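Down below is the structure, laid out as structure tokens.
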Amino acid sequence: MTLRTRFAPSPTGYMHIGNLRTALYAYLVAKKDPEGVFILRIEDTDQGRLVEGATDIIYNTMQQCGLKHDEGPDVGGDYGPYVQSERVRSGLYMDYAKKLITRGGAHYCFCDQSVIDEQRSKTEAEGGSFKYDDPCKYLSQEEIDRRLQAGTAFVIRQTIPTEGTTSFDDEVFGQITVDNTTLDEQVLMKSDGFPTYNFANVIDDHLMGITDVVRGMEYLSSTPKYNLIYEAFGWDIPRYIHCPPVMKDEHNKLSKRNGDASFQDLVAKGYLPEAILNYIALLGWSPEEDREIFTLDELVQAFNVKHIGTNGSIFDPDKLRWLNGMWLRQMDLDSYYSLVKPYIEQAVKGNFDGRKIAAIVQVRANTLNEIPEMLGFFDTFPSYENDLYNNKKMKTNPEVALESLKACEEALAVQEDWSEEALHGMLMELPAKLGRKNGQVLFPLRLAITGMATTPGGAIEIASILGKDETLRRLRLSIGQLSA
RNA sequence: GGCGCGUUGGUGAAGCGGCUUAACACACUGCCCUCUCAAGGCAGCAUUCACGGGUUCGAAUCCCGUACGCGUCACCA
Numbered sequence: 228m229t230l231r232t233r234f235a236p237s238p239t240g241y242m243h244i245g246n247l248r249t250a251l252y253a254y255l256v257a258k259k260d261p262e263g264v265f266i267l268r269i270e271d272t273d274q275g276r277l278v279e280g281a282t283d284i285i286y287n288t289m290q291q292c293g294l295k296h297d298e299g300p301d302v303g304g305d306y307g308p309y310v311q312s313e314r315v316r317s318g319l320y321m322d323y324a325k326k327l328i329t330r331g332g333a334h335y336c337f338c339d340q341s342v343i344d345e346q347r348s349k350t351e352a353e354g355g356s357f358k359y360d361d362p363c364k365y366l367s368q369e370e371i372d373r374r375l376q377a378g379t380a381f382v383i384r385q386t387i388p389t390e391g392t393t394s395f396d397d398e399v400f401g402q403i404t405v406d407n408t409t410l411d412e413q414v415l416m417k418s419d420g421f422p423t424y425n426f427a428n429v430i431d432d433h434l435m436g437i438t439d440v441v442r443g444m445e446y447l448s449s450t451p452k453y454n455l456i457y458e459a460f461g462w463d464i465p466r467y468i469h470c471p472p473v474m475k476d477e478h479n480k481l482s483k484r485n486g487d488a489s490f491q492d493l494v495a496k497g498y499l500p501e502a503i504l505n506y507i508a509l510l511g512w513s514p515e516e517d518r519e520i521f522t523l524d525e526l527v528q529a530f531n532v533k534h535i536g537t538n539g540s541i542f543d544p545d546k547l548r549w550l551n552g553m554w555l556r557q558m559d560l561d562s563y564y565s566l567v568k569p570y571i572e573q574a575v576k577g578n579f580d581g582r583k584i585a586a587i588v589q590v591r592a593n594t595l596n597e598i599p600e601m602l603g604f605f606d607t608f609p610s611y612e613n614d615l616y617n618n619k620k621m622k623t624n625p626e627v628a629l630e631s632l633k634a635c636e637e638a639l640a641v642q643e644d645w646s647e648e649a650l651h652g653m654l655m656e657l658p659a660k661l662g663r664k665n666g667q668v669l670f671p672l673r674l675a676i677t678g679m680a681t682t683p684g685g686a687i688e689i690a691s692i693l694g695k696d697e698t699l700r701r702l703r704l705s706i707g708q709l710s711a
């Protein structure tokens with residue numbers, strides 16, 4: 228039997244990090260097997276919660292991440308349709324629900340919802356634990372037929388055995404056992420003819436041949452109920468892989484409601500999809516090898532369900548930044564340059580070599596968005612205080628700086644080759660000639676041509692990028708400022 | 001409240017009864033490198049694994065209890 232997993236999101240808004248991680252794990256579990264199949268199924272049985280455009284966000288996110296599904300609404304497959312609302316129309320869920328009734332796993336319920344709600348709130352107010360004992364369970368077949376005939380509104384509820392226990396093995400949490408008496412007789416088919424998530428999910432997982440169910444651990448406590456349905460139908464129960472939550476902090480899950488970053492927010496903030504995916508893979512799962520940088524393909528190789536943890540993990544933006552920086556730094560210059568070109572151009576309009584700028588920025592930027600803000604000094608030479616020349620570690624002060632700068636000006640004025648290598652060779656000789664340390668010459672120079680206390684790159688790199696005219700112009704301005 | 005699950009440093013975590021005086025990584029601190037900032041290198045950072053009992057020659061690792069946290073008890077998914 229081929230290994231099949233599915234990612235089954237509801238199109239209700241943005242793609243959250245926790246959700247994406249579930250998708251990733253489902254993908255990895257499938258792809259770990261060379262024959263494994265990864266399916267995308269849209270669960271839109273709650274017509275009231277649909278958000279326009281949400282399905283596209285799902286497609287786009289999956290695509291940007293490289294989580295390519297083998298079957299799904301947009302790519303087809305032999306088990307379609309892959310959108311639940313389309314399946315509803317075929318009457319499929321209702322048919323299975325009726326079949327379940329004949330097998331004793333469910334029953335019609337004609338109770339008014341408000342009556343149940345009233346009972347519930349009353350019991351709960353008294354501090355008791357409410358469990359609906361549906362009188363409809365005891366209706367005679369004639370009575371049921373009579374009401375159905377009369378067109379009475381109904382739902383179909385699951386029928387739970389009144390005694391015994393149900394247990395199952397979860398790949399992450401191990402064996403779980405619960406008393407059947409604690410299980411709720413939940414609604415399977417709503418009065419509008421739509422199945423509830425619980426029912427549609429079980430039916431579709433079975434019909435689509437899902438062998439491994441990967442989902443959040445919030446479903447752990449309802450899994451026994453699902454298993455009872457599988458058993459009533461006589462179907463094979465899938466392998467379960469419940470994943471612990473991704474937390475915002477000790478107490479709260481990461482969620483859109485708290486305004487926490489979604490995948491697209493992170494991309495907009497300058498994080499690479501590859502880095503985001505790499506990072507979230509590490510939230511709740513740990514590799515056997517001692518390394519942390521993984522491409523998707525490498526993740527497929529390294530992934531192992533046995534190493535998924537059981538406790539929730541807090542999303543750490545600092546570590547994501549670091550990882551993103553690692554991804555950025557390991558790119559070859561050509562790819563890096565084409566990636567960051569727009570960010571550089573956003574800050575630098577002047578006629579400078581973008582590629583060289585990319586090179587000095589590559590080792591310093593952890594996110595794309597921080598690039599423009601490091602580059603402002605290229606276009607405008609900012610005004611600065613002479614006090615900046617006082618630097619203890621560099622052993623410089625305005626006097627030393629002025630002397631060094633004059634020597635630089637003299638040497639640079641006659642320099643023809645403005646390549647970084649040439650400038651390096653030439654400028655590195657100056658300190659010795661002046662009887663100064665490197666920092667006493669180059670630190671003031673860098674400051675003199677950038678006006679910034681810190682810059683991405685040193686005096687030589689920046690001078691080379693600025694070019695002869697601009698370097699000398701700024702240098703002379705600075706000498707003037709220092710001489711005044 | 002019932003039921004289920006969880007609890008190793010600020011964070012992600014390794015650990016599966018002796019090899020642990022608890023890996024590795026982020027963050028933090030210090031040093032080195034160095035023309036600033038980064039990057040890189042090195043070092044430091046839990047004598048202790050929520051707490052209390054027990055089993056054992058030996059426990060972070062097994063068992064029980066307590067505390068705390070999370071989840072779930074919808075015609076939401």
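Residue numbers are given in our numbering: position 10 of the first sequence equals residue 237, and the series is strictly consecutive.
Where a beta carbon is used, it is the ideal one built from N, C-alpha and C, also for glycine.
Bear in mind the structure is a predicted one, so any value in this text is a computation, not a measurement.
- Look at the beta carbons and you see the stretch 503–521 not touching the stretch 437–452: under three pairs across the two are nearer than 8 Å.
- In terms of Cβ geometry, R231 and G436 form a close pair [threshold 9 Å].
- For the pair F395 and E572, the Cα-to-Cα distance works out to about 58 Å.
- The closest CA to that of F421, considering only E643, C635, I383, E298, is found on I383.
- By the Cβ neighbour-count rule, H478 is exposed, with fewer than 16 other Cβ atoms within 10 Å of its own.
- Excluding residues up to 5 positions away in sequence, E647, L650, H651, L654, L669 lie with their Cβ nearer than 8 Å to the Cβ of I687 in the same chain.
- The continuous beta strand (DSSP E) containing Y335 extends over residues 333–336.
- For S448, the three-state secondary structure derived from DSSP is helix.
- C470 is bridged by DSSP to G443.
- The closest CA to that of T393, considering only T404, F400, V399, is found on T404.
- Secondary structure remark: continuous alpha helix (DSSP H) runs of at least 4 residues inside the stretch 594–653, in chain order: 598–601, 603–606, 625–640.
- For the pair L410 and E270, the Cα-to-Cα distance works out to about 24 Å.
- The beta-carbon distance between T594 and N551, rounded to whole angstroms, is 6 Å. This is short enough to meet the 8 Å contact definition.
- Taking C-beta atoms as the reference points, I706 and D580 fail to come closer than 9 Å.
- Around the Cβ of A690, a 10 Å sphere holds 16 or more other Cβ atoms; the residue is buried.
- Annotation for V264: the continuous beta strand (DSSP E) segment containing it runs 264–267.
- Among the bridge pairs identified by DSSP, T409 is matched with none.
- At a Cβ-Cβ threshold of 9 Å, F530 and V256 count as neighbours.
- Under the 8 Å Cβ criterion, the stretch 346–359 does not count as touching the stretch 371–383, having fewer than three qualifying pairs.
- In the structure shown, the three-state DSSP call for F426 is helix.
- When the beta-carbon positions are compared, P683 and I587 come within less than 9 Å of each other.
- Taken through DSSP and simplified to helix, strand or coil, V382 comes out as strand.
- Under the three-state reduction of DSSP, D397 is assigned to strand.
- Pairwise C-beta distances place the stretch 337–344 out of contact with the stretch 296–312, as fewer than three of them are shorter than 8 Å.
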